[in-house]
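Visitor: Residue numbers (this note's numbering): 236 to 631.
What follows is the structure, encoded as structure tokens:
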């Protein structure tokens, strides 16, 4: 497994080295052996999540007030990449809980004892949350929002449907984005609140360890204490979460590339044709070289994204722009390397006898998640075209 500190020449202190070594051990000894079971059963076993919680992985980016360690982003992102080497599904779950939920709560939530107590329970593994932000399309734009707040008989109520909510069936609270007048806001909503209905769990092609379902909110009563941030700052929080999501996908892609590369290299030395290991053949060596080049590129992009976060790196929109560009490159590379690894295995790669078919399915998810690569390509193109119309820019 890659030692990213040495691989990239990162200047890590002893605590950072200890964390990455601990994560690497968990990934190889706990996650990798369980990865096929996680994929087959479409769930992360309770003992695996308990070990992750005991090791502090759900609190890597959470502040001390939440019971976390407030780890720097460079070490955090390469921890995610290392987890993804063992199980991409587990890495995705850790990303959602530790970053996409707890980070915006730490940055934007008001000083509320209830929210802090719940955040602590997420860090300890006793609770799970889910982001309810996507609706009918794969877009994460404010302009697509239909879920809204309305005042009915003097009571503020939330109504709407959110699709593709990661971890919805297991969540006890949702972080929900909704229209509020001409703007948007975020709210914390309990899964067992009156008017909340969680849809049927959807079986997916890849990343099967973390479940997905639609969530419908019908006249759900909302208290002011459930608000995250201030009135109308939904777009600001959305950009922050989107930025964290894009960089997280770069981390998952980096780990998947490394896993596919290592599996292909190992098989190429064991499989023999014409009394020679297939690693001796130029076509196979080209694929392996391409995999290593892709891994170096993805890891370098990830390091750059993390440095922007650790060093301030301008406002969230600037970091989001760079994160989206890096995400497209890294996830495209992950698909290419997974496909090449599958071809290296030949017909065996298409069977469930070896893990490369899972790598391929998991890598395919990365191009569809959190906005999808194609809509993001359009958004990036609009951002650099001098003739872009104001309406297109405003929709972003």
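Ideal Cβ placement from N, Cα and C applies to all residues, glycine included.
Is residue 364 helix, strand or coil when you go by DSSP?
Guide: Residue 364 falls in the strand class under three-state DSSP.
Visitor: Using three-state DSSP, classify residue 395 as helix, strand or coil.
Guide: Strand, per DSSP.
Visitor: If residue 543 and residue 315 are in contact, beta carbons under 8 Å, what's the gap, nearest whole angstrom?
Guide: Between residue 315 and residue 543 the Cβ distance is about 16 Å, and since that is not below 8 Å, they are no contact.
Visitor: Distance check for residue 322 and residue 270, CA to CA, integer angstroms please.
Guide: Their backbone Cα atoms lie some 5 Å apart in a straight line.
Visitor: Say the cut is 8 Å; is the CB of residue 334 nearer than that to a heavy atom of the ligand NAP?
Guide: With respect to the ligand NAP, the structure shown offers nothing to examine, as it has no ligands at all.
Visitor: Between which two residues does the alpha helix (DSSP H) holding residue 509 run?
Guide: Taken as a continuous stretch (DSSP letters only), residue 509 belongs to no alpha helix (DSSP H), as it is neither H nor E.
Visitor: Closest by CA to residue 411, which one among 435, 417, 452?
Guide: The candidate whose alpha carbon is nearest that of residue 411 is 452.
Visitor: Use the C-beta contact count for residue 334: other C-beta atoms within 10 angstroms, 16 or more gives buried, fewer gives exposed.
Guide: Buried: at least 16 other Cβ atoms inside 10 Å.
Visitor: By the DSSP assignment, the beta strand (DSSP E) with residue 454 in it spans what residues?
Guide: Looking at the DSSP string, the run of the beta strand (DSSP E) that includes residue 454 is 447–456.
Visitor: Could you check which residue in 587, 392, 291, 590 has the C-alpha nearest to that of residue 428?
Guide: Of the listed residues, the one whose Cα sits closest to residue 428 is 392.
Visitor: Report the start-end ranges of each alpha helix (DSSP H) in the segment 559–630 that is 4 residues or longer and not cut off at the edges.
Guide: Counting only runs of 4 or more, we get 591–601, 608–619, 625–630.
Visitor: Alpha carbon to alpha carbon, how far is residue 620 from residue 545?
Guide: Between residue 620 and residue 545, the C-alpha separation is close to 30 Å.
Visitor: Identify whether residue 277 lies in helix, strand or coil by the three-state DSSP scheme.
Guide: Looking at residue 277 - three-state DSSP - the assignment turns out to be coil, as it is neither helix nor strand.
Visitor: The alpha helix (DSSP H) spanning residue 351 covers which residue range?
Guide: Looking at the DSSP string, the run of the alpha helix (DSSP H) that includes residue 351 is 348–358.
Visitor: If you draw a straight line from the C-alpha of residue 416 to the C-alpha of residue 384, how long is it?
Guide: Spanning the two alpha carbons is a distance of roughly 8 Å.
Visitor: Quick one: what's got a C-beta closer than 8 Å to residue 187's C-beta in the same chain, skipping five residues either side?
Guide: Residue numbering for the chain in the displayed model covers 236 to 631; residue 187 lies beyond these limits and cannot be assessed.
Visitor: Work out the CA separation of residue 282 and residue 289 for me, nearest whole Å.
Guide: Taking the straight line joining both Cα atoms gives about 10 Å.
Visitor: Can you tell me where the alpha helix (DSSP H) with residue 340 in it begins and where it stops?
Guide: Looking at the DSSP string, the run of the alpha helix (DSSP H) that includes residue 340 is 337–343.
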